[in-house]
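With our numbering applied, the sequence shown covers 1 to 98.
For every residue, glycine included, the Cβ atom is placed at its ideal position computed from N, Cα and C.
Since the structure comes first, as structure tokens, the remarks are kept for the end.
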Amino acid sequence: MSERRPSATRRGYGETWRRFRRWYLKLHPVCAHCGRGASEVDHIVPLSEGGAHLDPGNSQALCKGCHSRKTRAEQDGGKLKGCRADGTPIDAGHWWHE
Ligand SMILES: [Zn+2]
């Protein structure tokens, strides 16, 4: 069970984050997914799931397209969809596996 910490997503997006972002994009000017020019810094593990903020180890440079695709996937619950041939869900965290 992961505890919900809604305040974590609101915390820390001020001046420090903007400076970190600028510094990180200078070091990593290229999108980690598609190789186009990166314009955003993304948390690899979302803050809402306990990922570290302002940590280069939990950051990746993304272009706008890849970032919004990832954000959309996370808003879908970050779950893998669909099932295997035997009918069990692909997502190992699905309640069917409990
Ligand atoms: Zn990209």
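Less than 7 Å separating the Cβ of residue i from some heavy atom of ligand 1?
{"i": "R84", "result": "no"}
{"i": "R36", "result": "yes"}
{"i": "G65", "result": "yes"}
Would you give the residue range spanned by the beta strand (DSSP E) that residue i belongs to?
{"i": "S59", "result": "S59 to L62"}
{"i": "E40", "result": "E40 to H43"}
Assuming residue i is part of the alpha helix (DSSP H), what are its boundary residues?
{"i": "W17", "result": "E15 to L27"}
With DSSP run on the structure shown, which of helix, strand or coil describes residue i?
{"i": "G65", "result": "helix"}
{"i": "A85", "result": "coil"}
I'd like to check one pair, residue j with residue i: are the Cβ atoms closer than 8 Å?
{"i": "A38", "j": "A61", "result": "yes"}
{"i": "E74", "j": "P56", "result": "no"}
{"i": "V41", "j": "R72", "result": "no"}
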